[in-house]
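Some notes on the structure that comes next.
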Amino acid sequence: MSKKVEINIKPLTRVEGEGEVEIVVENGNVKKLQVEITEAPRFFEAFLIGRSYLEVPDFVARICGICPIPYMYSSSRAMEKILEIEIPKEIKD
(Lines of atoms letter the chains of each structure in order from A; the text may use other names.)
(Lines give C-alpha, C1' and ligand atoms only; values in the text may rest on other atoms or scores of the structure.)
Protein backbone atom coordinates (compact mmCIF):
# COMPACT_ATOMS: atom_id res chain seq x y z
CA MET A 1 0.00 0.00 0.00
CA SER A 2 1.47 3.30 -1.00
CA LYS A 3 1.31 6.25 1.30
CA LYS A 4 1.66 9.78 0.01
CA VAL A 5 2.31 12.81 2.21
CA GLU A 6 2.31 16.36 0.89
CA ILE A 7 3.61 19.28 2.92
CA ASN A 8 3.10 22.84 1.74
CA ILE A 9 4.48 25.75 3.74
CA LYS A 10 2.95 29.02 2.61
CA PRO A 11 4.21 31.54 3.45
CA LEU A 12 7.76 30.50 4.23
CA THR A 13 8.82 32.53 7.25
CA ARG A 14 12.22 33.42 8.70
CA VAL A 15 13.63 34.27 5.29
CA GLU A 16 14.19 37.68 3.77
CA GLY A 17 11.29 38.27 1.41
CA GLU A 18 8.42 35.93 0.59
CA GLY A 19 8.69 32.26 -0.27
CA GLU A 20 7.07 28.82 -0.23
CA VAL A 21 8.20 25.23 0.32
CA GLU A 22 6.54 22.14 -1.19
CA ILE A 23 7.55 18.62 -0.10
CA VAL A 24 6.04 15.40 -1.48
CA VAL A 25 6.88 12.13 0.30
CA GLU A 26 5.82 8.74 -1.10
CA ASN A 27 6.50 5.51 0.79
CA GLY A 28 9.01 7.26 3.02
CA ASN A 29 10.98 8.74 0.09
CA VAL A 30 11.10 12.41 -0.79
CA LYS A 31 9.82 12.63 -4.38
CA LYS A 32 9.72 16.40 -4.64
CA LEU A 33 11.30 19.22 -2.67
CA GLN A 34 10.78 22.67 -4.12
CA VAL A 35 11.59 26.07 -2.63
CA GLU A 36 10.20 29.12 -4.38
CA ILE A 37 11.03 32.72 -3.63
CA THR A 38 7.89 34.51 -4.72
CA GLU A 39 9.02 38.05 -4.06
CA ALA A 40 10.00 40.08 -7.09
CA PRO A 41 13.77 40.40 -7.59
CA ARG A 42 15.29 43.59 -6.25
CA PHE A 43 18.37 43.57 -8.55
CA PHE A 44 20.92 44.61 -5.94
CA GLU A 45 23.60 43.50 -8.39
CA ALA A 46 22.92 46.61 -10.49
CA PHE A 47 24.43 49.02 -7.98
CA LEU A 48 27.70 47.07 -8.05
CA ILE A 49 28.26 47.47 -11.79
CA GLY A 50 31.43 49.43 -12.46
CA ARG A 51 32.65 49.25 -8.86
CA SER A 52 35.75 47.53 -7.53
CA TYR A 53 35.25 44.04 -6.14
CA LEU A 54 36.83 45.35 -2.94
CA GLU A 55 33.71 47.47 -2.34
CA VAL A 56 31.26 44.58 -2.56
CA PRO A 57 31.22 43.50 1.13
CA ASP A 58 30.56 47.05 2.32
CA PHE A 59 27.78 47.62 -0.21
CA VAL A 60 25.96 44.33 0.35
CA ALA A 61 26.11 44.81 4.12
CA ARG A 62 23.51 47.53 3.67
CA ILE A 63 20.95 45.28 1.98
CA CYS A 64 19.49 44.43 5.38
CA GLY A 65 19.69 46.88 8.24
CA ILE A 66 19.66 44.25 10.99
CA CYS A 67 21.82 41.45 9.55
CA PRO A 68 24.86 42.76 7.64
CA ILE A 69 27.22 39.91 8.59
CA PRO A 70 25.70 37.14 6.40
CA TYR A 71 25.84 39.41 3.35
CA MET A 72 29.44 40.43 4.01
CA TYR A 73 30.46 36.83 4.69
CA SER A 74 28.78 35.36 1.61
CA SER A 75 30.20 38.05 -0.68
CA SER A 76 33.68 37.48 0.75
CA ARG A 77 33.34 33.72 0.23
CA ALA A 78 32.20 34.29 -3.36
CA MET A 79 35.23 36.48 -4.05
CA GLU A 80 37.56 33.86 -2.54
CA LYS A 81 36.09 31.27 -4.90
CA ILE A 82 36.17 33.51 -7.99
CA LEU A 83 39.75 34.63 -7.30
CA GLU A 84 40.76 31.05 -6.36
CA ILE A 85 42.01 32.15 -2.95
CA GLU A 86 42.80 29.27 -0.60
CA ILE A 87 42.57 30.15 3.08
CA PRO A 88 45.43 28.44 4.98
CA LYS A 89 44.42 25.74 7.47
CA GLU A 90 46.03 27.66 10.36
CA ILE A 91 43.67 30.57 9.73
CA LYS A 92 40.58 28.38 9.29
CA ASP A 93 41.24 26.59 12.58
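Letter 16 of the sequence shown, counting from 1, is numbered 16 in the working numbering, and no numbers are missing. By construction, the Cβ of each residue, glycine as well, lies at the ideal position given by its N, Cα and C atoms. On a predicted model such as this, the values are computed, not experimentally measured, just so you know.
May I have the straight-line CA-CA distance separating residue i from residue j, to the nearest angstrom?
i: L71; j: S2; result: Before going on, a small fix: residue 71 reads as Tyr here, not Leu. Each residue's Cα considered, the two are about 44 Å apart.
i: N29; j: F47; result: 43 Å
i: P68; j: P88; result: 25 Å
i: I7; j: V24; result: 6 Å
DSSP on residue i, reduced to helix/strand/coil?
i: V15; result: coil
i: L48; result: helix
Do residue i and residue j have their C-beta atoms within less than 7 Å of each other?
i: V35; j: V21; result: yes
Drop a sphere of 10 angstroms on the beta-carbon of residue i, count the other beta-carbons inside from all chains shown, and report buried for 16 or more, exposed for fewer.
i: V60; result: buried
i: S52; result: exposed
i: S74; result: exposed
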